[in-house]
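Numbering (my numbering), first residue to last: 15 to 208.
In this text, a Cβ means the ideal position worked out from N, Cα and C, and glycines have one as well.
Predicted, not measured: the structure shown is a model, and the values here were computed from it.
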């Protein structure tokens, strides 16, 4: 069966909540994009808050600026049922506060993706490299993949050449939609990701 791939993107829905205080609450938050276990660095009593200028609609996938997936307990169940369990992802629980500082009843998790795949298509993608180090990629504008380099069981992973970019396969997107989960935003390959 042929699959298609997407990049995980920011939600265009202005009604949806956003969370931007992870760097203030977790000391080594940047390690969440390293594709390595960090459970020992993530305090179990972590509290994140809905940004005051974001929308009010609770979603299963929370928009954020930290290049991580923040998901509801329902989304976690779907992801785990689809093979995103041990070895592929680490689920780090946090308490969510609404704009008034009240605890949201639903349990949420930061998904630390542990898998990365080196499949960035250097010929088709648009990006920049450093003049003194042309092997180092930055400023990615569009992503294309060498699909022949993606293992058959890779359905949600970080792009090894730029770990802040998350790739999701079409069958997993369909499973999320079938489960009625909301908030996941994706872009087709080749779309502007900057």
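Just confirm the distance between the C-beta atoms of residue i and residue j, as a whole number of angstroms; I'd bet it's less than 8 Å.
i: residue 139; j: residue 157; result: 6 Å
i: residue 19; j: residue 181; result: 6 Å
i: residue 75; j: residue 195; result: 7 Å
i: residue 124; j: residue 193; result: That pair is no contact at about 20 Å.
i: residue 100; j: residue 53; result: At roughly 12 Å, the Cβ-Cβ gap does not stay under 8 Å, so residue 100 and residue 53 are not in contact.
i: residue 164; j: residue 131; result: 6 Å
Anyone know if the C-beta pair for residue i and residue j falls short of 8 Å?
i: residue 78; j: residue 127; result: no
i: residue 23; j: residue 172; result: no
i: residue 46; j: residue 85; result: no
i: residue 29; j: residue 71; result: yes
i: residue 136; j: residue 122; result: no
i: residue 21; j: residue 201; result: yes
i: residue 98; j: residue 203; result: no
i: residue 242; j: residue 198; result: Not covered by the structure: residue 242. The range shown for the chain is 15 to 208.
i: residue 159; j: residue 133; result: yes
For the alpha helix (DSSP H) containing residue i, name the first residue and the last one.
i: residue 192; result: 184-192
i: residue 202; result: That residue, residue 202, is in no alpha helix (DSSP H); its beta strand (DSSP E) goes 200-202.
i: residue 38; result: 36-39
What does the Cβ neighbour count give for residue i, buried or exposed, with the cut at 16 atoms within 10 Å?
i: residue 143; result: exposed
i: residue 64; result: buried
i: residue 33; result: buried
i: residue 209; result: Lying outside 15 to 208, the shown extent of the chain, residue 209 is not represented and no answer is given.
i: residue 89; result: buried
i: residue 175; result: buried
First and last residue of the beta strand (DSSP E) that includes residue i?
i: residue 60; result: Counting along the chain, residue 60 falls outside any beta strand (DSSP E), and DSSP gives it neither H nor E.
i: residue 77; result: 75-78
i: residue 72; result: Unbroken run through residue 72: none, as it is neither H nor E.
i: residue 47; result: First-last for residue 47: undefined, no H or E at that position.
Within the segment 88-168, note down every full alpha helix (DSSP H) run reaching 4 residues or more, in order along the chain. Here no run is fully enclosed.
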